[in-house]
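**Q** Chains as they are written, first to last, in the numbering used here: chain A, 1 to 254; chain B, 255 to 599.
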Amino acid sequence: MTTPVLQARGLVKRYGRVTALAGSDLELLPGEILAVIGDNGAGKSSLIKALSGAVVPDEGEILLNGEPVSFSSPIDARDAGIETVHQSLAVSPSLDIASNLFLGRERRRKGVLGTVFRMLDRNGMREEARRQLDALGIMTIQNPGQAVETLSGGQRQAVAVARAAAFGSRVVIMDEPTAALGVRESRAVLDLVLQVRDRGLPVILISHNMPHVFEVADRIHIQRLGRRKAVVDPKTVSMSDAVAIMTGAMEPPD
Amino acid sequence: MSTTLSTSHSPGGNPVGGDTRRSPLARLQHLLHSQATIGPAVVLLVAVVVFAVLSPRFLTPGNISLILQQVAVIGTLAVGQTIVILTAGIDLSCGAIMVLTSIVMAKVAADTGLPGLPALLLGFLVGTLCGLLNGLLVTRLKLPPFIVTLGTLNVFFALNLWYSESATIRGTDMPSLLLWTGQTINVFGTRVTYGSIMMVVLVAAMAFALKNTAWGRHVYATGDDAEASRLSGIRTARVLLSVYATAGAVYALSAWVLIGRIASASPQAGQLDNLDSITAVVIGGTSLFGGRGAIIGSLIGALIVGVFRNGLALAGVDVLWQTLAVGVLIIVAVSLDQWIRKVKP
Numbered sequence: 001m002t003t004p005v006l007q008a009r010g011l012v013k014r015y016g017r018v019t020a021l022a023g024s025d026l027e028l029l030p031g032e033i034l035a036v037i038g039d040n041g042a043g044k045s046s047l048i049k050a051l052s053g054a055v056v057p058d059e060g061e062i063l064l065n066g067e068p069v070s071f072s073s074p075i076d077a078r079d080a081g082i083e084t085v086h087q088s089l090a091v092s093p094s095l096d097i098a099s100n101l102f103l104g105r106e107r108r109r110k111g112v113l114g115t116v117f118r119m120l121d122r123n124g125m126r127e128e129a130r131r132q133l134d135a136l137g138i139m140t141i142q143n144p145g146q147a148v149e150t151l152s153g154g155q156r157q158a159v160a161v162a163r164a165a166a167f168g169s170r171v172v173i174m175d176e177p178t179a180a181l182g183v184r185e186s187r188a189v190l191d192l193v194l195q196v197r198d199r200g201l202p203v204i205l206i207s208h209n210m211p212h213v214f215e216v217a218d219r220i221h222i223q224r225l226g227r228r229k230a231v232v233d234p235k236t237v238s239m240s241d242a243v244a245i246m247t248g249a250m251e252p253p254d
Numbered sequence: 255m256s257t258t259l260s261t262s263h264s265p266g267g268n269p270v271g272g273d274t275r276r277s278p279l280a281r282l283q284h285l286l287h288s289q290a291t292i293g294p295a296v297v298l299l300v301a302v303v304v305f306a307v308l309s310p311r312f313l314t315p316g317n318i319s320l321i322l323q324q325v326a327v328i329g330t331l332a333v334g335q336t337i338v339i340l341t342a343g344i345d346l347s348c349g350a351i352m353v354l355t356s357i358v359m360a361k362v363a364a365d366t367g368l369p370g371l372p373a374l375l376l377g378f379l380v381g382t383l384c385g386l387l388n389g390l391l392v393t394r395l396k397l398p399p400f401i402v403t404l405g406t407l408n409v410f411f412a413l414n415l416w417y418s419e420s421a422t423i424r425g426t427d428m429p430s431l432l433l434w435t436g437q438t439i440n441v442f443g444t445r446v447t448y449g450s451i452m453m454v455v456l457v458a459a460m461a462f463a464l465k466n467t468a469w470g471r472h473v474y475a476t477g478d479d480a481e482a483s484r485l486s487g488i489r490t491a492r493v494l495l496s497v498y499a500t501a502g503a504v505y506a507l508s509a510w511v512l513i514g515r516i517a518s519a520s521p522q523a524g525q526l527d528n529l530d531s532i533t534a535v536v537i538g539g540t541s542l543f544g545g546r547g548a549i550i551g552s553l554i555g556a557l558i559v560g561v562f563r564n565g566l567a568l569a570g571v572d573v574l575w576q577t578l579a580v581g582v583l584i585i586v587a588v589s590l591d592q593w594i595r596k597v598k599p
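1) Give me the chain B residues within the contact set of G104 (chain A), using Cβ-Cβ distance strictly less than 7 Å, ordered along the chain.
2) In this structure, does DSSP put M246 (chain A) in helix, strand or coil?
3) Determine whether the beta carbon atoms of V353 (chain B) and G565 (chain B) lie at a separation below 8 Å.
4) In chain B, what lies closer than 7 Å to S99 (chain A) by C-beta?
5) So which of A:L34, A:A162 and A:R187 has the shortest CA-CA distance to D218 (chain A)?
6) DSSP puts R283 (chain A) in a beta bridge; with which residues?
7) Below 8 Å, can you find three or more Cβ-Cβ pairs linking the segment 497 to 513 of chain B to the segment 375 to 392 of chain B?
8) Three-state secondary structure (DSSP) at L120 (chain A)?
9) With a threshold of 16 other CB atoms inside 10 Å of the CB of E251 (chain A), please say whether the residue is buried or exposed.
10) Taking buried to mean at least 16 other C-beta atoms within 10 Å of its own C-beta, is L279 (chain B) buried or exposed?
11) Return the chain-ordered ranges of every alpha helix (DSSP H) run that is complete within the segment 503 to 532 of chain B and spans a minimum of 4 residues.
12) Within 10 angstroms of the Cβ of P253 (chain A), are there 16 or more other Cβ atoms? Answer buried if so, exposed if not.
13) My assumption, with CB atoms under 8 Å, is that L375 (chain B) sits in contact with L456 (chain B). Please give the rounded CB distance.
14) Buried or exposed for V442 (chain B), going by 16 or more other Cβ atoms inside 10 Å?
15) Could you have a look at D96 (chain A) and say whether DSSP puts it in helix, strand or coil?
16) Helix, strand or coil: how does DSSP classify Q146 (chain A) here?
17) Go through its chain and collect everything with a Cβ distance to F102 (chain A)'s Cβ below 6 Å, but skip five positions before and after it.
18) Return the CA-CA distance between V511 (chain B) and F543 (chain B), expressed in angstroms with no decimal places.
19) Hey, G538 (chain B) and G449 (chain B) are a contact pair by Cβ (cut 8 Å); roughly how many whole angstroms apart?
20) Could you check whether the Cβ of H208 (chain A) sits closer than 7 Å to any heavy atom belonging to the ligand PLP?
21) Please report the straight-line C-alpha distance between T355 (chain B) and L407 (chain B), rounded to a whole angstrom.
22) By a C-beta neighbour count over all protein chains shown, 10 Å radius and 16 as the cutoff for buried, is D345 (chain B) buried or exposed?
23) Please list the segments of the alpha helix (DSSP H) lying wholly inside the segment 311 to 358 of chain B, counting only runs of 4 or more residues, in order along the chain.
24) Given S11 (chain A), which residues of its chain have a CB within under 6 Å of its CB, disregarding the five upstream and five downstream residues?
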């Protein structure tokens, strides 16, 4: 069996007397889209936050390409090549697209302007943003200098996905990327998810939307009561069975 | 394969079209939304024209020089206040920090005979430490900036009264460097103080830093949405600390300008300057909710207040009406900000 790109073993996270994760495992294989589904309170968000460095698990370990890693902040996870598209989008509405794409890893101008005056390479960043948006085929965004708040929900999501795809070298995690979107925009974002995978980056996709999950996922991780209940193949398991496993109405097939 | 995300033009998206189909009012809203400084700049221009018509003395070099001197203290304070407000904070202690540092600079030099430069640097150190204390209380104890700075306002003011023994230090007892900001230089026939020039240089430097450095982007992002910034990998606590500490250093500069302006260091000076600096920032189009605004706007805001007070005084209007006019300006500016924020994409 191939080494998983990202692996979690026995993750535990407690918030006071509430146990959000009760020894959860997860395996993400190279080049796949792994969907994570689960009922509210099943521990999806805590699991994802642990993998993206937003929370530090109380117990358990995380392995990246078989090597144990520990993240104490989102910056650590990012430096390790794990990019996350958060449900809250984590974009700054008043800044422009290029600034958002490079938020927290801005490029400086060459020479004295950059080293002494700490001046940003605004044009360079805009060009690179343009290139990344083009690479993902986001044609409708004309100007990377446009403020993000002038974009529609789907376009904002595209900016967040483009950022993850541009800088993620190992893993891209997407938390409910279609939750707030209409039919057409969801379609476009799902296409982006597929494109990211086709460029060779494995994706963890968290979603409540079963048709979306069954459409794009290669495998489906079902989270229940803070643990991994099962991993199923969307080609052999029906949507209603997956929901039944998720809610505890059915035991997973062996 | 190319993905086409629906734009406002396509069916299923927002049915409202581009600029051409917006009402004039909506277009104005969009313009002000993208360029927050336009509103204050127009107000300033109109005010200057009106007062110039009302009083022939308004646009004389002497009067312009006077306005610039009156504005210099609030204008520099407003630079520190702006960066704090951009992070969705507020600094009520700025005036107290300024007065405390002015007393430290002047009294240390007067009492111990310390030369001007070390006294000045000591003042900057004190100002920065005061700002840092605000920043630590905001980031470590996670207290609202309003409460933190309301508390430190009183603390710093008490320290100021204690150290100064409530006595004013006369300019004649100080090294001349501390009074240098009150000296004037001839610029195109107008006597301009070095303090006013320092204000303009400070505004330019801070505007550059906010616009062209990563730190500046992070200040805006943190004020816009702190949690989103944290998830984007910005060390928001560090940004906030740097903002409050920088603001403290800026207030020390205001202290230097203040000493030059009143040719002494008084523990009772600048009592209401904290509110005046907030007024300048708000009138200048910076949003109290953070993430939106510009330093240049605050300079314009300070100039608007200065021009209103001066122009109304020249027109023979009683001081109470000047204060009323400033109050109305504040409310108009904040209402405008609320309206601008409701802009539709």
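Positions of the beta carbon are idealized from the N, C-alpha and C atoms, including for glycine.
**A** In terms of the structure at hand:
1) Within 7 Å Cβ-Cβ: S486, G487 and I488.
2) M246 (chain A) falls in the helix class under three-state DSSP.
3) No; because the gap between Cβ atoms is not below 8 Å, this pair is not in contact.
4) Neighbours of S99 (chain A) in chain B, taken as residues at a C-beta separation under 7 Å, are given in chain order as R471.
5) Residue A:L34 is the option with its Cα nearest to D218 (chain A).
6) This structure cannot settle anything about residue 283 (chain A), because the visible part of chain A is limited to 1 through 254.
7) By the C-beta criterion, the segment 497 to 513 of chain B is judged to be in contact with the segment 375 to 392 of chain B, since at least 3 inter-stretch pairs fall below 8 Å.
8) Looking at L120 (chain A) - three-state DSSP - the assignment turns out to be strand.
9) Classification of E251 (chain A): exposed, given that the 10 Å Cβ count is below 16.
10) Exposed: under 16 other Cβ atoms inside 10 Å.
11) The segment 503 to 532 of chain B contains no whole alpha helix (DSSP H) run of 4 or more residues.
12) Classification for P253 (chain A): exposed.
13) With 8 Å as the limit, L375 (chain B) and L456 (chain B) do not qualify as a contact, their Cβ atoms being about 17 Å apart.
14) Note on residue identity: the sequence assigns Phe, not Val, to residue 442 (chain B). The residue in question, F442 (chain B), is exposed, as its Cβ has fewer than 16 Cβ neighbours within 10 Å.
15) Three-state DSSP puts D96 (chain A) in a strand.
16) Of the three classes helix, strand and coil, the one that applies to Q146 (chain A) here is coil, per DSSP.
17) Correct list, in chain order: M125.
18) Going from the Cα of V511 (chain B) to the Cα of F543 (chain B) covers about 29 Å.
19) Under the criterion of beta carbons closer than 8 Å, G538 (chain B) and G449 (chain B) do not qualify as touching, at roughly 20 Å.
20) This structure does not include the ligand PLP; it has no bound ligands of any sort.
21) Those two C-alpha atoms are separated by around 13 Å.
22) The residue is buried, with at least 16 neighbouring Cβ atoms inside 10 Å.
23) 315 to 340, all fully within the segment 311 to 358 of chain B.
24) Reading the sequence as shown, one finds Leu at residue 11 (chain A) and not Ser. Shown here for L11 (chain A): same chain residues with a beta carbon closer than 6 Å to its own, the five before and five after excluded, namely L21, S24, A50, P57 and G60 in chain order.
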